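Counting the sequence shown from 1 gives a position; the working numbering is that position plus 54.
Where is the CB? At the ideal position from N, CA and C, for every residue including glycine.
Quick caveat, the model's predicted, so the values are computed rather than measured.
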Amino acid sequence: MSHIDPTREVMAAFRDLPSDRPIAMINLLRFRDRADYPSDHADHATGLSGADAYRRYGAAAAAPFQRARGRQVWLGRAELTVIGPADETWDLAFIAAYPTGDAFVAMLRDPEYREAVVHRQAAVLDSRLIRCEPRGPGAAFGEDGEA
Numbered sequence: 055m056s057h058i059d060p061t062r063e064v065m066a067a068f069r070d071l072p073s074d075r076p077i078a079m080i081n082l083l084r085f086r087d088r089a090d091y092p093s094d095h096a097d098h099a100t101g102l103s104g105a106d107a108y109r110r111y112g113a114a115a116a117a118p119f120q121r122a123r124g125r126q127v128w129l130g131r132a133e134l135t136v137i138g139p140a141d142e143t144w145d146l147a148f149i150a151a152y153p154t155g156d157a158f159v160a161m162l163r164d165p166e167y168r169e170a171v172v173h174r175q176a177a178v179l180d181s182r183l184i185r186c187e188p189r190g191p192g193a194a195f196g197e198d199g200e201a
């Protein structure tokens, strides 16, 4: 089963969480070999790879991301799943931070972002998007400073 877009139920749960404090979003992405655009989209027959379509998404979503005051705080290429299903591989992993949950939701509602998301949908075969409450480091390894 692929996970590409959030469900209505998950977005309702997202909105039930505190919306006025910083959040970090862990993104794990697996790309399609070939992008899968809708048949009426201009890029439908271009033969773009999923990675190329995702780059188009990044370029098209950059302005809404900036308007939401989002920032990418870490990016990496997954090499090996050390703990977890061996067949759950990822092409790209990154963490994006937003000043508030409301800022993230505002980005999702931005008309320019809504146009950009078609590239993400065409690019991604499977993904995970995990909302996190940022916390400072604790005194010891694995502590979060909030205990």
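N-terminal and C-terminal residue of the beta strand (DSSP E) that L146 is part of: Your numbering for residue 146 matches position 92 in the sequence shown. From DSSP, the beta strand (DSSP E) with L146 extends over L146 to Y152.
- request: On a CA-only basis, which of Y108, T154, A177 and H95 is nearest R121? Give me that one, please.
  value: Locating residue 121 in the sequence shown gives position 67, where the first residue counts as 1. Nearest option by C-alpha distance: T154.
field: Buried versus exposed call for G124 [16 or more other C-beta atoms within 10 Å across all chains shown]
entry: In the sequence shown, counting from the first residue as 1, residue 124 sits at position 70. Result: buried.
message: Does the contact criterion of 3 or more C-beta pairs under 8 angstroms hold for the segment 69-83 versus the segment 109-120?
response: The segment 69-83 is not in contact with the segment 109-120.
query: Helix or strand or just coil, what does DSSP make of D5?
result: The requested residue 5 is not part of the displayed model; the chain covers only 55 to 201.
query: Relative to the C-alpha of F148, which residue among R189, A177, E142 and L183 is closest?
result: In the sequence shown, residue 148 corresponds to position 94, counting from 1. The shortest Cα separation from F148 among R189, A177, E142 and L183 belongs to L183.
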